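First up is the structure itself, then whatever we jot down about it.
Numbering (this note's numbering), first residue to last: 8 to 306.
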């Protein structure tokens with residue numbers, strides 16, 4: 008029998024190789040470039056990177072964090088993404104097994120990693136990740152019903168669709184309410200052009216609203232297709248608390264009211280994936296939902 012640590016090493020190495028590809032996606036997708044061709048190049052001298060200079064983690068250490076040709080520094084984000092993806096692969100497969108469900112969760116986590124780093128840099132979440140992941144989640148739910156704790160493909164697909172509607176609907180509804188509030192404030196307007204105080208307040212609120220855009224809605228819909236409605240609902244309420252501290256620091260240090268929300272949604276989704284049942288049981292939310300369903304659900 009192969010020792011467990013050998014599997015961990017294999018999984019980590021595989022994950023770090025996937026992380027190397029995620030680095031390509033993070034750099035090229037927002038720039039609308041192909042993630043397949045051309046081969047990787049130095050972002051400074053544009054020289055093509057040889058395969059032996061593109062080995063995950065090892066090449067970065069061997070080259071001393073510098074390009075072989077122009078000696079320009081290589082950003083620490085590259086090995087960070089590779090190591091993070093490798094570690095995530097190990098943790099997910101150790102927790103959920105190396106069957107189809109575990110590997111679907113690995114793919115889901117990789118999508119969250121890529122979308123988070125892109126959102127940090129460009130304030131967007133590409134449709135290739137969110138919409139593509141949504142389709143992947145629906146297909147995966149039909150092929151692997153165990154993803155939604157059932158043996159029925161039809162029931163699994165129903166739960167996946169419910170996750171899409173609730174996951175995307177929660178954020179979309181929140182955004183719609185926010186837009187209506189902003190519209191009402193403008194109508195009452197509170198004479199924004201004549202009163203600097205309210206002009207500042209409205210601009211601040213608009214900046215906070217823009218932090219949560221359509222990409223976040225599609226990201227939550229993607230998550231719902233894979234996780235189902237309970238974990239995404241939990242993540243919806245958990246994400247603001249995760250964003251609170253960094254948001255305050257950003258506003259105080261950078262004088263900016265924009266906070267990329269994708270990374271915090273991703274953290275909340277991972278927390279819901281690993282600890283969702285414990286959090287729901289501890290908070291009593293699940294019992295509350297069941298009680299409401301008994302009173303207001305279909306008879």
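Even glycine gets a Cβ: it sits at the ideal position worked out from N, Cα and C.
Nothing here was measured: the structure is a model prediction, and the numbers come from that model.
When 278, 125, 60, 54 are compared, the shortest CA-CA separation from residue 84 is found for 125. Excluding five sequence positions before and after residue 111, the CB atoms of its chain that fall closer than 7 Å to its own CB belong to 147, 151, 154, 233, given in chain order. In the structure shown, residue 165 adopts helical secondary structure according to DSSP, grouped into three states. Spanning the alpha carbons of residue 37 and residue 54 requires a straight line of approximately 21 Å. Between residue 225 and residue 175 the beta-carbon gap is near 7 Å, inside 8 Å, which marks them as a contact. Taking the C-beta atoms as reference points, residue 132 is found no nearer than 8 Å to residue 22. Where residue 64 is concerned, there is no enclosing alpha helix (DSSP H), because DSSP gives it neither an H nor an E. The beta carbon of residue 107 lies closer than 6 Å to those of 151 in the same chain, with the five residues before and after it left out.
Around the beta carbon of residue 78, fewer than 16 other beta carbons sit within 10 angstroms, so the residue counts as exposed. Sixteen is the threshold: since fewer than 16 other Cβ atoms of the shown chains lie within 10 Å of the Cβ of residue 70, the residue is exposed. With contacts defined by Cβ atoms closer than 8 Å, residue 266 and residue 260 do not form a contacting pair.
The beta-carbon separation of residue 275 and residue 249, rounded to 6 Å, stays under the 8 Å limit for a contact. In the displayed model, residue 46 falls within coil according to three-state DSSP, outside both helix and strand. Taking the C-beta atoms as reference points, residue 86 is found nearer than 8 Å to residue 67. Annotated three-state conformation of residue 80 is strand, per DSSP. In summary, residue 58 is exposed, with fewer than 16 beta-carbon neighbours lying within 10 Å of its beta-carbon over all protein chains present. Residue 180 counts as exposed, since fewer than 16 other C-beta atoms from the protein chains shown sit within 10 angstroms of its C-beta.
DSSP places residue 39 in no alpha helix (DSSP H); its state is neither H nor E. In the three-state reduction of the DSSP assignment, residue 73 falls in the strand class, which pools E and B.
Residue 278 and residue 160 have their C-alpha atoms some 26 Å from each other. Residue range 236-261 is occupied by the alpha helix (DSSP H) that includes residue 247.
No Cβ-Cβ contact shorter than 8 Å links residue 95 with residue 173.
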